[in-house]
Structures are given as C-alpha cells and as structure tokens.
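Notes follow once the structure below has been shown.
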Amino acid sequence: MQRRNSRWLIGAGLFTVGALTLTACGSGSGFSDNAANTDGELTSDSSQGLNILIGSSGDAETASVNAAVAAWSKTSGTDAKVSVASDLNQQLAQGFAAQKPADVFYLSTDALAGYASNGSLLAYGNDLANKDDFYPSLVSSFTYDGDFYCAPKDFSTLQLIINTDLWAQAGLTDADIPTTWDGLATVSKTLTTGTQVGLAVGGEYARLGAFMAEAGGSLMNADGTEATANSAENVAGLEYAQTLLNDGVMSYASDIGAGWGGEAFGKQLSAMTIEGNWITGAMQNDFPDVKYTVAELPAGPEGKGTLQFTNCWGIAADSPNQAAALDLVEHLTSKDAQITFSKEFGPMPSIMSAAEDWKSANPTLVPFLNGADYAKGVPNVQGSADVVSDLNAQLESLKTGDPQAILDSVQKNLEALVK
Numbered sequence: 413m414q415r416r417n418s419r420w421l422i423g424a425g426l427f428t429v430g431a432l433t434l435t436a437c438g439s440g441s442g443f444s445d446n447a448a449n450t451d452g453e454l455t456s457d458s459s460q461g462l463n464i465l466i467g468s469s470g471d472a473e474t475a476s477v478n479a480a481v482a483a484w485s486k487t488s489g490t491d492a493k494v495s496v497a498s499d500l501n502q503q504l505a506q507g508f509a510a511q512k513p514a515d516v517f518y519l520s521t522d523a524l525a526g527y528a529s530n531g532s533l534l535a536y537g538n539d540l541a542n543k544d545d546f547y548p549s550l551v552s553s554f555t556y557d558g559d560f561y562c563a564p565k566d567f568s569t570l571q572l573i574i575n576t577d578l579w580a581q582a583g584l585t586d587a588d589i590p591t592t593w594d595g596l597a598t599v600s601k602t603l604t605t606g607t608q609v610g611l612a613v614g615g616e617y618a619r620l621g622a623f624m625a626e627a628g629g630s631l632m633n634a635d636g637t638e639a640t641a642n643s644a645e646n647v648a649g650l651e652y653a654q655t656l657l658n659d660g661v662m663s664y665a666s667d668i669g670a671g672w673g674g675e676a677f678g679k680q681l682s683a684m685t686i687e688g689n690w691i692t693g694a695m696q697n698d699f700p701d702v703k704y705t706v707a708e709l710p711a712g713p714e715g716k717g718t719l720q721f722t723n724c725w726g727i728a729a730d731s732p733n734q735a736a737a738l739d740l741v742e743h744l745t746s747k748d749a750q751i752t753f754s755k756e757f758g759p760m761p762s763i764m765s766a767a768e769d770w771k772s773a774n775p776t777l778v779p780f781l782n783g784a785d786y787a788k789g790v791p792n793v794q795g796s797a798d799v800v801s802d803l804n805a806q807l808e809s810l811k812t813g814d815p816q817a818i819l820d821s822v823q824k825n826l827e828a829l830v831k
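Here you go:
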C-alpha cells in the first residue's frame, strides 16, 4: 500500500529516497549555492499551462487531486495537467536533470535539501496567504537554510492501534489503555499468546524512532543544525524497545510473516501495532472484519512523543508561471480542499484551521491529530536519507545489538552532514 510507503517509508516503509542523486540535479539556472526565492517578481507567462506531478496512494487520491486541480483550472483560466509518477523521486530527478521539471510536485522532507541547495526550488513559503495556518512543526520540516520553501500538503503521526476484540478477550478494559512505558510493557505481555504477539512494529527508524521521541530524543535538534543522535534520551528509547523485543512481547513485523505493522495487525498476528493514519485504508480494504481503536502512544520518561511524516507542494524555480503555481498551491492547501481530500482519500489537513472540522468528521482518529502538538519531524538535512538507511540496517539486529554503538555511528554520519 503506497500510502504507508510514501511517507518516509513515507511513513513507513515508505521512504528510502536516494537523496544523494538529488544533489546532482540542478535547475536550468545552474548549480547555484543560493536558494531560488521570491525576492523578485514571480514569473507569470499566462500562455504556459501547469504540469503537476504527484505520487499517488491509489485511484481515490488520483481522482481527488485531479478534481481539485480541474476546478482551479476552470476558475483561473490556466490549463493544468496532473501526472501520476510510477517512481516520484526518480521522475523528479530526471525532470530537473533535463531542465524540464514539473511546475508543481509532491516533495518529501528528505528530498528538500538536495533540491533547495542547488537552486531547483522556488522558496515561496513566506508568500503564501495562509502561511501562518500551517502547523509550526510542519513549517520546520520544509525550512532549509532559514527559508520556508513549500506548503505542507498533509501529514500523519504515529499512534497505538489496538485490536478491540483481542483486547477484550484478554480481560482488558479502557482503563488498561497504556499511558506509560510500564503500562505498554504490561499490556503487551498480557496480549502475547501462542498465536499472537502483543505488539508488532516495523523494524526501522520510522517506527522505532517513536520510542526515541517518547524519551525526549531526536536525531537532530529542532532547526536541523546539530546532530543529537547519540543522546542519552535516544539510547533510552532504543533500550526500551530492545527490552520489549527480548521479553518476547514485541516483534518486528517481518519476523512474524508480515510486510509491515499494519499487515501483522490485520492478520491478527499481533494485538497492537504502531502506525500512522494511513492504516485506516488498509484496514478498510484488506481487513474489514478486524475491529480496532486508536490511542495516543504512551508517554515515555520525558512525556508524550511521536514522529510525523509529511510532503509538501514543491514549485520549480524554472517554472515559467510561478504566479499561477503559487495560486494553485494556495487552493490545494485551503481548508475546503484539504477537508475534501481527507474525506476522499484519508490524509490529515496540514492547517490548524481545519482541525476541529476534521476531528468532528473523524472522532475515532483524533489521537493522530492530537499528536501534532508534540510530534517531531524526521531529518531533512541533505544526505540524511542515506544515514537513516544505514540506521535501518543496524536496527534489524537491535534485539542483540548495542543501542549506544548504533547511535554513535549515526551521530558520526550526521555530524559529517552538518559540518
């Protein structure tokens, strides 16, 4: 299911973008060290239509984006065409290399720095009429070298998904929903039987990183200028996850015959999982008979914590009609458009003004949106995708590994990127 894999793994398993290839692709203006920004006039060649490139989770998302773009096109009088990429990162890179990029496109956090650093992107964030409506943590994810580049199009957070039938069969009630690490360990043990494990997760940073966040840690500081991977907080988070693995109350999805946490949960190989709100589509389509509820992840020693995943609407610096592209993005990130997208294919709106409407329409999913208040973004420094890929490889053997040594190596790799 591409939704889960398009959010850094894309959320999941979603990303493994080749960020290093991005740094080799410049805009038509050359390999500039300076970000293209809107200090000057926006290009506005009205004879030029807009090409929009997206990575879609399926027919519902494709149809919804096409309808929104068509409505804007009719009102604005500007032609616009949506193309669905089979490999978004590759096709973006090819477009820039050929000096024929799409005008507007989905862009991931870990792809931002590569394109921003060589002048391929228009830094238009501060020109958005609704710039103050986006969640601050999302703005931070798309800020590079002090410039807010692009409008977050939607986002997701990780929370705890609980099989309500298995929960009740184990004699657990709402009062047992864990709010602390000790509570999570206890219910995971209670729910572990000969046929199911209490908790199953993907064995990568984009899931295990939630434990690091709950301990108060993150791979980098808030503005992405300092590596903090081997902090005591991050070590504590991985040590806790390691304990759950060694106690046999948590398993990696791949170790129990599933491709990701949602599949393990849907097949009832686990009674709980940690996933993002994209799991709702998988449950509806693939496991409609499995009943579940969503709870916020239990707090760690430093309080609540989770990871968030997001994409933005990038605009090419070489677009001949930047003004129309900006107007389109404002339309696509408006409250009405984002609420419609949510209804039609499930994402959470990236703007605060849509929060109450979204919560009213999705009362069982409110924990996901509550996470916006304390979620931490994944690194967006240039080259971070490769560092995280190496971290993921090491996390495969976390059960018998040394959390401190793993994070020391990540620290060294990240420090090389920010020097």
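In this note's numbering, the protein residues as written are 413 to 831.
Glycine included, every Cβ here is placed at the ideal spot set by N, Cα and C.
Check	Outcome
As assigned by DSSP and simplified to three states, the class of P761	coil
Integer-rounded CB distance, given that L596 should sit under 8 angstroms from P710	5 angstroms
Beta-carbon gap between A622 and G717 smaller than 8 angstroms	yes
C-beta contact flag for L570 and L465 at 8 angstroms	no
Cross-strand partners of E638 (DSSP beta bridge)	Bridge partners of E638: none, in fact.
Cβ-based burial, E473 [other Cβ within 10 Å; buried from 16]	buried
W484: first and last residue of the uninterrupted alpha helix (DSSP H) it sits in	471 to 488
Assigned secondary structure, Q460 (DSSP; H/G/I helix, E/B strand, else coil)	coil
Outcome for K833 when other beta-carbon atoms lying within 10 angstroms are tallied against a minimum of 16	Limits of the chain in this structure are 413 at one end and 831 at the other, which puts residue 833 out of reach.
Sufficient close CB pairs (3 or more, under 8 angstroms) joining the stretch 774 to 786 to the stretch 495 to 511	no
Start and end residues, beta strand (DSSP E) containing P564	563 to 569
S832 and G614 closer than 8 angstroms at C-beta	The structure shown has nothing for residue 832, since the chain only spans 413 to 831.
Alpha helix (DSSP H) segment containing F546, residue limits	Premise fails: F546 is in no alpha helix (DSSP H) and is neither H nor E.
At least three beta-carbon pairs within less than 8 angstroms, the stretch 571 to 586 to the stretch 675 to 693	yes
Nearest residue (CA-CA) to D701, options E708, A707, T692	T692
Contact under 8 angstroms by Cβ, S762 with F567	yes
The stretch 531 to 548 in contact with the stretch 635 to 653 per 3-pair CB rule at 8 angstroms	no
Beta-carbon gap between Y617 and L807 smaller than 8 angstroms	yes
Rounded C-alpha distance that separates A492 from L500	19 angstroms
Contact the stretch 726 to 740 vs the stretch 455 to 464: 3+ CB pairs below 8 angstroms	yes
Buried or exposed by the 16-neighbour rule on C-beta atoms within 10 Å, applied to C437	Model confidence at C437 stands at a pLDDT of 33, short of 50, so the residue's coordinates are unreliable and nothing is read from them.
N658, buried or exposed, once every other Cβ within 10 Å from all chains shown has been counted against 16	exposed
Continuous beta strand (DSSP E) stretch holding G789: start and end	787 to 789
Burial state of D785 (16 or more Cβ within 10 Å)	exposed
Sufficient close CB pairs (3 or more, under 8 angstroms) joining the stretch 664 to 672 to the stretch 745 to 764	no
Identity of the residues DSSP links to K493 by a beta bridge	N463
Assigned exposure category for Q502 - 16 Cβ within 10 Å defines buried	exposed
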